[in-house]
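See structure below.
In the numbering used here, the protein residues as written are 2 to 131.
Here's what the structure looks like:
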């Protein structure tokens, strides 16, 4: 199954309707602008506490956005389970996924390629070149 491409207009409407807090919106905006990130980079760059974990916060935010675009979010979750090594979903797949190295191995501690999970925003949601 290919990754469901997010319709940008629908995403922007869902983002507006999701009633995010200022901090939640700032996190999404930062991720969309920088494109590549780790949990430690988010904590450092946004000057946030390490608890609760920002990747958990990101999942909560994605559920809020996803509730405003339920058909697409359902497809994303199905794709998330399909690509998972453990048949589990990750709600933040709505906006990002693990980065891969040249050998198509995820950049993550589990795969022995990095100290932290390296994530990248989906191309259609990237704002950095505007």
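Glycine residues also receive a C-beta, built at the ideal position from the N, C-alpha and C atoms.
One alpha carbon belongs to residue 119, the other to residue 12, and they sit about 23 Å apart. Taken in chain order, the unbroken stretches of alpha helix (DSSP H) that lie wholly in the region 35 to 66 and span 4 residues or more are 40 to 47. Here the alpha carbons of residue 102 and residue 54 stand approximately 25 Å from one another. The shortest CA-to-CA distance from residue 127 to any of 68, 79, 71, 95 is the one to 95.
Inclusion of residue 4 and residue 80 in the CB contact set at 8 Å is warranted, their separation being smaller than that value. Residue environment for residue 28: buried (at least 16 other C-beta atoms within 10 angstroms of its C-beta). Here the region 6 to 25 makes contact with the region 56 to 71; the two share three or more CB pairs at distances below 8 Å.
Counting along the chain, the unbroken beta strand (DSSP E) around residue 120 starts and ends at 120 to 122.
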